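Peer 1:
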Amino acid sequence: MTRGLRNLVISALACVVLTVSASDARHTDAQARRSGATYMSRSLQAMQSDPAINPAMLWVKQGEELWRASAQAGDQASSSCSACHGDASLSMQGVATRYPAFDEGLQHPVNLAQRVNQCRIKHQKREPWRLEGTELLAVESYVAFQSRGMPVKPVQDDRLKSFVQRGAQRYGQRLGQINLSCAQCHDERAGLRLGGNLIPQAHPTGYPLYRLEWQSVGSLQRRIRNCMTGVRAQPFPLGATELLELELFLADRSAGMPLEAPGVRP
């Protein structure tokens, strides 16, 4: 065997080894994914699992009432969510696992809360609820609860690819005066402690969720904005494209993991 041919064979074998190693690494990473709930105490895990003691179920109950409520007298519309969608336990199964998704009318991705508001504007002819407001979080929690236990299943839509890619870039981008990225905490230091708390892997499988720190239910966007404040960066406004891009990437990253919404976190 000539030296040139030998080098070619060695290079080819190296490429095969690297390819197999990369494949194994991806498989290992997928198998090693952990919900943020697995980092919690047993008592908090029990609180999340049991609807009877999960405080977020108060929002779910309110969401159910809003789902069935017709417009008040004098309103331009009289239809309720249930008038179009019927029994949410049937019509909304799996819906939350597929968001964010692309909106045909807006020609832009929307998350589940924004989809609810689009329905209010377009079909019910009502004013949208305030982002992070009680009513919107309640309906979002109620809809998400119908998919609890189902695997996260991001929509495979070519129109979303550029948004997911930008979300991945943002996840790895250093931010703020502390000059820290999402990946440096949630990939490189997952399982370690920051300020006495364990750092999770940042899989958004529990949102909307009840956070003991907040004493209320909040969205994934609220949590991302909290993180940005923590690294002393200017948070993106609620509903910003940048936050949606991060949501899309995080959903893609957690594909196949069971949805826990509404979750509980410290």
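Using the working numbering, read the sequence shown as starting at 34 and increasing by one per residue. Positions of the beta carbon are idealized from the N, C-alpha and C atoms, including for glycine. From a predicted model like this one, the values you see are computed outputs, not experimental measurements.
1) For residue 101, count neighbouring C-beta atoms within 10 Å of its own C-beta (all shown protein chains included) and say buried if the count is 16 or more, exposed if not.
2) Find the nearest neighbour of residue 127 within the set 188, 91, 137, 263, judged by alpha-carbon distance.
3) Which residues bound the beta strand (DSSP E) around residue 141?
4) For residue 272, I'd like the list of residues in its chain whose CB is within less than 6 Å of its CB, leaving aside the five on either flank, ordered along the chain.
5) Residue 291 and residue 73 look like a contact to me (Cβ under 8 Å); what is the Cβ gap, rounded to whole Å?
6) So is residue 211 buried or exposed if we call it buried at 16+ other beta carbons inside 10 Å?
7) Measuring CB to CB, does residue 368 end up less than 8 Å from residue 182?
8) May I have a chain-ordered list of the beta strand (DSSP E) segments no shorter than 3 residues that lie completely inside the region 214-270?
9) Given that a residue counts as buried once 16 or more other Cβ atoms are within 10 Å of its Cβ, and exposed if not, what is residue 293?
10) So if DSSP puts residue 298 in a beta bridge, which residue, or which two residues, is it bridged to?
11) Quick one: residues in its chain with C-beta nearer than 8 Å to the C-beta of residue 87, no 5 flanking neighbours on either side, listed in chain order?
12) Based on DSSP bridge pairs, tell me the residues matched to residue 83.
13) Once you ignore the five residues that flank residue 115 on each side, which residues in its own chain have a CB closer than 8 Å to its CB?
14) Shortest alpha-carbon distance to residue 235 belongs to which of 153, 283, 207?
15) Who are residue 134's beta bridge partners in DSSP?
16) In this structure, how does DSSP classify residue 281 when only helix, strand and coil are distinguished?
17) Is residue 57 buried or exposed, if buried means 16 or more other CB atoms sit within 10 Å of its CB?
18) Compute the Euclidean distance between the alpha carbons of residue 91 and residue 117, then round it to the nearest angstrom.
19) Do residue 70 and residue 200 have their CB atoms nearer than 8 Å?
20) Taking only beta-carbon positions, decide if residue 256 is within less than 8 Å of chain B.
21) Given a cut-off of 8 Å on the beta-carbon distance, is the pair residue 193 and residue 135 in contact?
22) Mapping DSSP to helix, strand and coil, what is residue 292?
23) Please report the distance separating the alpha-carbon of residue 198 from that of residue 214.
24) So, for residue 285: in the same chain, excluding its five sequence neighbours on each side, which residues have a beta-carbon less than 7 Å away from its beta-carbon?
25) Can you say whether residue 123 is buried or exposed, counting buried as having 16 or more other CB atoms within 10 angstroms of its CB?
26) So which of 220, 191, 195 has the shortest CA-CA distance to residue 205?
27) What three-state label does DSSP hand residue 15 in the structure shown?
Peer 2: For this structure:
1) exposed
2) 188
3) 141-143
4) 164
5) With a Cβ gap of about 16 Å, residue 291 and residue 73 do not count as contacting.
6) exposed
7) This structure leaves residue 368 out entirely; the chain is present only between 34 and 299.
8) 242-244, 249-251
9) buried
10) 244
11) 80, 81, 243, 295, 297
12) Residue 83 pairs with nothing; no bridge assigned.
13) 100, 101, 121
14) 283
15) 143
16) helix
17) Confidence at residue 57 is low in this model, with a pLDDT of 35, below 50, so the placement of that residue should be treated as unreliable; the coordinate-derived value is given next. Counting Cβ neighbours within 10 Å, residue 57 comes out exposed, since fewer than 16 surround it.
18) 24 Å
19) no
20) No chain B appears in this structure, which consists of one protein chain only.
21) yes
22) coil
23) 16 Å
24) 187, 197
25) exposed
26) 220
27) In the structure displayed, the chain extends from 34 to 299; residue 15 sits before or after that span and is not available.
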